[in-house]
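Numbering-wise (the numbering used here), the sequence shown opens with residue 301 and increments by one. What follows is a short report on a single structure.
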Amino acid sequence: MTTISIIGSGNMAAAIGTRAAKHGHTVELMSRNTAKAQALADQIGNGATVGTYGTRPAGDIVIVAVLYGGAVDAVTHYGDALAGKILVDISNPFNADATGLATTTGTSAAQEIAAVAPEGTPVVKALNTIFGHVLAQDKPLDAFLVGEGAEARARVAEFLASLDIRPLDAGGLEMAPVLEWAAILLMGVARNGAGFDVALAADVH
Ligand SMILES: NC(=O)c1ccc[n+]([C@@H]2O[C@H](COP(=O)([O-])OP(=O)(O)OC[C@H]3O[C@@H](n4cnc5c(N)ncnc54)[C@H](OP(=O)(O)O)[C@@H]3O)[C@@H](O)[C@H]2O)c1
């Protein structure tokens, strides 16, 4: 198994970190709030560690689990410390009432993050279409992913599969707006009858 680094110490860091640890990965948490990261590492257990925010992460896969408003800042702050890693963007750039996106049409949070990531550091968007509390239930799920380079997508797909999450590769990063709108679809069905324990899935025949 591998070391997975997570930037952030909120709900998604907890859900992903806990699930990853349960499935045998070593989790490194990096947060601008070290005390919060330490508390989460203690909660996750299984050898979870805390890294210094802004320094080179231990894992080859680095999950950026910060709010959309801070994601570009966080990746910029890390700068070359992220060179050669695979960045996983899970952010949803929702507008104030989560009925649409705050990004400019034709672009996406993932592409904004890719624009500030160091050279040779592919960005893969994944897990944004799954509610954190659903992820935390540790049941089988589907996860759509898109990103820069088939190799990086395959690596993230392998990680997701190790968490009992079926990866559904939807192509290059230009597809990221679709995944961000898919999260609005998820919110829509949750609010209009399905409830918040819902998850998006594909039926593959
Ligand atoms: N919750 C969900 O169900 C869900 C589902 C799919 C995707 N997502 C996405 O996952 C990401 C994390 O969501 P969450 O629910 O975990 O949110 P959260 O519980 O509010 O945690 C957000 C994390 O982002 C950090 N952060 C915020 N601004 C930052 C900045 N400028 N620089 C560095 N760190 C910053 C926070 O640090 P502090 O604690 O120091 O403030 C905190 O660790 C978001 O982009 C969200 O859209 C969430």
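Glycine included, each C-beta is placed from N, C-alpha and C at the ideal position.
- In this structure, residue 327 places its C-beta atom within 8 angstroms of the C-beta atom of residue 320.
- Between residue 428 and residue 501 a beta carbon distance of about 15 angstroms is seen, past the 8 angstroms cut, so the two are scored as non-contacting.
- When the Cα atoms are used, residue 332 and residue 373 turn out to be separated by approximately 12 angstroms.
- For the 8 angstroms CB-CB criterion, residue 456 and residue 388 form a contact.
- Residue 439 sits in coil when the DSSP states are folded into three classes, being neither helix nor strand.
- For residue 460, same chain residues with a beta-carbon under 6 angstroms away, outside a window of 5 residues either side, are 443 and 467 in chain order.
- Annotated three-state conformation of residue 389 is strand, per DSSP.
- At a cut-off of 7 angstroms, the beta-carbon of residue 427 counts as near ligand 1: some heavy atom of the ligand is closer than that.
- About 6 angstroms separates the beta carbons of residue 411 and residue 473, which is inside the 8 angstroms limit, making them a contact pair.
- In this structure residue 415 is exposed. Its beta-carbon is surrounded by fewer than 16 other beta-carbon atoms within 10 angstroms.
- For residue 373, the shortest C-beta to heavy atom distance toward ligand 1 is below 7 angstroms.
- With 16 or more other Cβ atoms from the protein chains shown falling within 10 Å of its own Cβ, residue 448 counts as buried.
- Excluding five sequence positions before and after residue 354, the CB atoms of its chain that fall closer than 7 angstroms to its own CB belong to 377, 378 and 381, given in chain order.
- DSSP places residue 468 in the uninterrupted beta strand (DSSP E) bounded by 465–469.
- Cβ-Cβ separation between residue 451 and residue 392: approximately 26 angstroms, too far for a contact (criterion under 8 angstroms).
- Using a cutoff of 7 angstroms, the CB of residue 444 does not count as near ligand 1, since none of the ligand's heavy atoms is closer than that.
- Ranked by Cα distance from residue 435, the options 309, 315, 307 and 454 are led by 315.
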